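Below is one structure, written out as structure tokens; comments come after it.
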Amino acid sequence: MKALLALTLSTVAFAAAAQEFPSKPITFVVPFAAGGPTDTVARQLAETMRKHLNNATIVVENAAGAGGTIGANKVARAAPDGHTLLVWHIGMAAAPALYRKMPYKPLEDFEYLGIINDVPMTLVGKPQLPSNTYRDFENYIRANQGKLNLGHAGLGSASHLCGLMWQYAVKLDKSMTTIAYRGTAPAMNDLIGGTIDVMCDQTTNTTQQIEGGRIKAFAVTTAKPLSDHPILRHYPSLQEMGLKDFNLTIWHGMYAPKGTPAPVLNRLNEALRASLRDPDFVQKQKALGAIVAAPNDKRVTPEGHKAFVASEMAKIKAVVDAAGQYAD
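Going letter by letter, the sequence shown gives residues -18 to -1, 1 to 310 in mature numbering (1 follows the signal peptide of the UniProt record, and there is no 0).
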């Protein structure tokens, strides 16, 4: 009888927690400075998701530094009540490989809420390169091993990870000289100007430059070609060109502190999934070059999201360890 009473009281308490949530403004912590792609994703999601949380107030807080780990740690240490959430990209999986000492444990200190989107990557080169197809490009790279360089937006950036993974997949005898920049803009400027030879970066940063003929594009990093994209449908996927199982996107996900009550997590996941079906949000993400996670995507479930991140962690760690390029 006592056990039944305890179960009933627990059920009532959980139901009350879900009904009362949110009881104050929700904060989306973005572990980067304002204005970047992740910040834009978070702000667009906040605008949509609030409609599915009784018009709750959602604010975006930028907590930049240490490759995103400062902001992530802030959420890991926050009160587990669902009012402080993390919106982060593939860095959630990359940080444990790049930073050998972490202030938190990614798979243990968070509740996983679901994947938001995927942003494809493009392998691009300076306009002076003699190659115009991926096959010619790879042959040129192999013929000039040790002579060419690859730029990226900084250790731990999307372009850094993409460059590492591509070189790992093509198995060059001599790695390209890597040049780290403080952000995408200066790296892109030097690619356009011919100071660096190759770069791999998000479609959000490359498509306009490709369309304008200021850089050359050779391939996309998704498992299949982007057949619906007005510009990038003309380029093959790296898998298609023989790099087995190569599939890299800059995905974004949402996380809560460990110990957040299950009813609150369910409410947040429901609101997230409703937002991913919202036509206005889908269109805004498409304009960014992002592909919103589909309703039947297993990664939009907490279990599927966590399993996916764990697999990405293993994949990225193998590449970073092989390159020996750490951020700490």
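Beta carbons: idealized from backbone N, C-alpha and C, even for Gly. Small disclaimer: the values here were computed from a predicted structure and weren't measured.
Taking the C-beta atoms as reference points, A140 is found nearer than 8 Å to D183.
Exposure of R215 is indicated by the presence of fewer than 16 other C-beta atoms within 10 angstroms of its C-beta. Relative to K33, the option among P284, G241, A54, A256 whose CA is nearest is A256. Within the same chain, T30 come within 8 Å of D262 by CB-CB distance, once the 5 residues on both sides are set aside. Looking at E294, A244, A289, the one whose alpha-carbon comes closest to that of P62 is A244.
In this structure, the alpha-carbon of T188 lies about 7 Å from that of T104. Non-local beta-carbon contacts of F14 in its own chain, meaning distances under 7 Å to residues more than five positions away in sequence, involve T20, D21, N44, A46, G50 in chain order. Contact check for V246 against P102 fails: the beta carbons are separated by 8 Å or more. Taking C-beta atoms under 8 Å as the contact rule, G64 and P112 fail to qualify, at a distance of about 55 Å. DSSP lists V180, K198 as the bridge partner or partners of G107. Between the alpha carbons of K288 and T242 lies a gap of roughly 16 Å. Runs of the alpha helix (DSSP H) spanning 4 or more residues and lying entirely within the region 13 to 82 occur at 19 to 31, 51 to 58, 73 to 80, in chain order. Contact between A275 and L258 holds, with the beta-carbon distance rounding to 6 Å and staying under 8 Å. L220 carries a coil assignment under DSSP once its states are collapsed to helix, strand and coil. With fewer than 16 other Cβ atoms from the protein chains shown falling within 10 Å of its own Cβ, D303 counts as exposed. Taking all protein chains shown into account, T39 has fewer than 16 neighbouring C-beta atoms within 10 Å of its C-beta and is therefore exposed. For the region 216 to 301, the continuous alpha helix (DSSP H) assignments of 4+ residues that do not extend past its boundaries occur at 244 to 258, 261 to 270, in sequence order. Between the alpha carbons of K268 and P212 lies a distance of about 12 Å. Here the C-alpha atom of I298 lies approximately 20 Å from the C-alpha atom of Y237.
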